[in-house]
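Protein chains in written order, with my numbering: chain D, 1 to 281; chain W, 1001 to 1403.
By construction, the Cβ of each residue, glycine as well, lies at the ideal position given by its N, Cα and C atoms.
Bear in mind that the values here come from a model prediction, so they are computed numbers and not experimental data.
In structure tokens:
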């Protein structure tokens, strides 16, 4: 089943390039405004420079119920520092001055609902964002949202979960464009030591229902995780691991360096994992 | 300008535009399973017999509808009857819903229940039902609430529940719900989330209302037996709104019965000082329709859509959103909502204690205070049922300062 909405944003182009080159992409998440929007600007450029294929900018929210402690703390820091949705859109505009890296806004529903979906979609598109992912919005409740976001030629990325049944996977795929975000495990965001044993099976099941690129997230932090995904997924999403580098770093420059290192190592692991898997097929 | 969502009226789980199901994907199939299981219990004679038996023999239903003779005389206004939910096992109406959902967890084969609690009454009810039905129970409670409701923390631990303090945000009910939902999304296959109010994603607002509707069904029969007529007014406090909707629901079609929900006015009308979501007419600021914790309803929030902190002396009313059905009843002018402040609630608690010999929970004291503030509007022929949703044992630390 193909997506009912065909888009040609920077996101689909990047995934097409990845598929042509046979590489596993890295989707890098940071919470916008942690510790400041200026710092996030530098982080995004550093991540893109180090090879991140897509950047997810987390819009901080007071009640991030799908997030674990790392991103909860980042959201609190960002809100204390004064970040707002309007500020995050301004950040997108600044990134676009110098970079063409695909940008996804990763948000809870209420902040964009309060801005007004029409205004949010228009401003996000004008700023140069490529897609939107709303953590607490599923296909059932998303009709207005999809119409309004698609009207601005932005991608709508929906989550698929290990608990999603086949019918839902079909519907999630039909509502998504750009890529589909597969949650690796039941739970909240946060780095974990290992990936669930049944992840390859889950990926194969999801693959059956979508032609969209699949990015796998939740709990991915180590090169070993990424190499497991090579040949099965199109990209790995790394979030909490990056956010905790920012949390630990003594300065913005130190954080940029740590983010670069992380992404480079993961990107290399992605390529190695893929070539290894292809050799055994 | 925020977007007002357009919703077809026939969608289940919607009250006008309010309600719905705004949760991470991981919870969608579990919510459908819960909805199906709940629908089946409605016509399942075995389930219904067990439910009725536990309500009667374990919780102590029916509760009395008591004529408050001295309170009525003292106030000189309407005739006042008290629906004595405070007499139930564990001390509040919360046990009605906890029994219903506890049985549902057993039926769904879930060995563990998760609950959030503000005042601790829902936590105690869930923990108690968990013990009674042999379910493992984990309760999330904000650390500020744990401090002000220490007795209830001890009661939960006494019946074997694990109580986990929540340090995030305002350390109150909202944050406890976030943490309970994080636990549920992680352990969803073996755990049932026993949500305590008419909040959250569908089917919770409908299901919790249905389990609480016994309050109004009994009260309607009791008042007809005692007074040979329907009441003119219903009064109840509204946090999430489960005791109030439990009383109101049976009377919705009785258009001459006025329904009044009393919210927590806290210590001021500015955002952060109160928990009044539907009392903008009294000058309380910051409430707009929005999405919080699974449902679309009136939410106290800032211009950016960040959820506000709230204040109330009563932990059970200290929450920034209101059940979606209340939002709809307010829009339709079928029910009326107003807020009273902390001091008015304390004064009302003292008054009821000394005129009737009943120490109310701080939550229920808000309903009494709301009635007192509106005394000039009553005629002598008016007849009020006031839901005394809980007893005040848990609030004795606060009340002691009044003595």
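- Secondary structure note for residue 1152(W): its alpha helix (DSSP H) is the uninterrupted segment 1150–1158.
- The bridge partners DSSP lists for residue 1360(W) are 1391(W).
- Uninterrupted beta strand (DSSP E) stretches at least 3 residues long and entirely within the stretch 1078–1110 of chain W occur at 1079–1083, given in chain order.
- Rounded to whole angstroms, the gap between the alpha carbons of residue 36(D) and residue 251(D) is 12 angstroms.
- Of all residues in the stretch 1150–1179 of chain W, only 1168, 1169, 1174, 1175, 1177, 1178, 1179 place a beta-carbon less than 9 angstroms from a beta-carbon of chain D.
- Boundaries of the alpha helix (DSSP H) harbouring residue 1032(W): 1028–1042, taken from the DSSP string.
- Remark: C-beta atoms of residue 59(D) and residue 24(D) do not approach each other more closely than 8 angstroms.
- DSSP places residue 1384(W) in the strand class (E or B) of the three-state scheme.
- Residue burial annotation: residue 1310(W) is buried, with at least 16 other C-beta atoms found within 10 angstroms of its C-beta.
- Per DSSP, the continuous alpha helix (DSSP H) segment holding residue 12(D) begins and ends at 10–21.
- Note that the C-beta distance between residue 1135(W) and residue 1114(W) is not below 8 angstroms.
- Of the residues 182(D), 146(D), 70(D), 212(D), the one whose Cα lies closest to the Cα of residue 202(D) is 182(D).
- For the stretch 1009–1025 of chain W, the beta-carbon criterion of a distance under 7 angstroms to any beta-carbon of chain D is satisfied by 1020, 1021, 1022, 1023, 1024, 1025.
- Contiguous alpha helix (DSSP H) elements confined to the stretch 79–161 of chain D occur at 85–98, 109–115, 117–127, 143–151, taking only those with 4 or more residues.
- Taking residue 1291(W) as the centre and dropping the five residues before and after it, the same chain places the C-beta of 1022 closer than 7 angstroms to its C-beta, in chain order.
- When DSSP assignments are scanned along the stretch 1164–1237 of chain W, the uninterrupted stretches of beta strand (DSSP E) that are 3 or more residues long and fall wholly within it turn out to be 1191–1193, 1233–1237.
- The C-alpha of residue 1387(W) is placed about 17 angstroms away from the C-alpha of residue 1350(W).
- When 1075(W), 1307(W), 1066(W) are compared, the shortest CA-CA separation from residue 1219(W) is found for 1066(W).
- Going by DSSP, residue 172(D) is part of the alpha helix (DSSP H) stretching over 166–175.
- Around residue 1139(W), no beta-carbon contact reaches into chain D at under 7 angstroms, the shortest distance being about 17 angstroms.
- In this structure residue 1214(W) is buried. Its beta-carbon is surrounded by 16 or more other beta-carbon atoms within 10 angstroms.
- Between residue 1201(W) and the set 1397(W), 1279(W), 1307(W), 1015(W), the nearest pair of CA atoms involves 1015(W).
- Annotated as distal: residue 1145(W) and residue 1360(W), with beta-carbon spacing of 8 angstroms or more.
- Relative to residue 61(D), the option among 217(D), 244(D), 83(D) whose CA is nearest is 83(D).
- The secondary-structure analysis by DSSP pairs residue 1022(W) across a beta bridge with 1294(W).
- Contact annotation for residue 239(D) against chain W: no contact, minimum CB-CB distance about 14 angstroms [criterion: below 9 angstroms].
- Residue 1307(W) and residue 1288(W) have their C-alpha atoms spaced approximately 11 angstroms apart.
- Across the structure, residue 133(D) and residue 1155(W) are spaced so that their CA atoms are roughly 43 angstroms apart.
- For the stretch 105–128 of chain D, the beta-carbon criterion of a distance under 9 angstroms to any beta-carbon of chain W is satisfied by 108, 109, 110, 111, 112, 113, 114, 115, 116, 117, 118, 119, 120.
- Inter-segment contact for the stretch 1248–1266 of chain W and the stretch 1220–1238 of chain W is present: three or more beta-carbon pairs are separated by less than 8 angstroms.
- Chain-order list of chain D residues neighbouring residue 1182(W): 65, 188, by C-beta distance under 7 angstroms.
- Annotation: Cβ neighbours of residue 1307(W) in chain D (cutoff 7 angstroms, chain order): 62, 63.
- Per DSSP, the continuous alpha helix (DSSP H) segment holding residue 248(D) begins and ends at 240–248.
- Under the criterion of beta carbons closer than 8 angstroms, residue 157(D) and residue 121(D) do not qualify as touching, at roughly 14 angstroms.
- Less than 8 angstroms separates the beta-carbon of residue 1250(W) from that of residue 1217(W).
- The beta carbons of residue 32(D) and residue 78(D) sit closer together than 8 angstroms.
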